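In what follows, a single structure is set out as structure tokens and then discussed.
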Amino acid sequence: MIAITVIAATMFALPLMSRRLVAAIATIFAVALVIRSRLVAAELIVRTDEHRKLDYDRKPSRSERRAMRRGLKLALDQAELRSLFPATMARAETWAEQVVL
């Protein structure tokens, strides 16, 4: 009798557990994206020297182009994840502020 009750409870809770599992994995992925995008933004700020400030006439260096490319890819990933899980991205930004001060 107990086994039947446990199996019935598991079958009832399985769809709810799968949704929670997907939300947890998406949140972890989103936190990683937010942290990586902040690191890339900081890297872009650091890479720009005083005498090499961005200007319309100056071509960015190779490292600056790579950092910009990484930033663009991260922004596209964040936009895609935000369109699929808007509440998850909001939660991830809050958690990322607590993780990285």
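Per our numbering, the sequence shown starts with residue 15, numbered consecutively. Glycine included, every Cβ here is placed at the ideal spot set by N, Cα and C. Given the structure is predicted, the values throughout are model-derived calculations rather than measurements.
In angstroms, rounded to a whole number, what distance separates the CA positions of residue 99 and residue 40?
-> The alpha-carbon separation between residue 99 and residue 40 amounts to approximately 8 Å.
Cβ shell of residue 105 (< 7 Å), same chain only, five flanking positions each side left out | 41
Starting from residue 87, follow the alpha helix (DSSP H) in both directions and report where the run begins and ends.
-> 76-98
Under 8 Å Cβ to Cβ from residue 89, same chain only, skipping five residues before and after it: list those, please.
-> 51
Inspect the beta-carbon positions of residue 110 and residue 45 and report whether they are closer than 8 Å.
-> yes
Does the Cβ-Cβ distance between residue 47 and residue 92 come in under 8 Å?
-> Inclusion of residue 47 and residue 92 in the CB contact set at 8 Å is warranted, their separation being smaller than that value.
Cβ atoms of residue 85 and residue 54: under 8 Å apart, would you say?
-> yes
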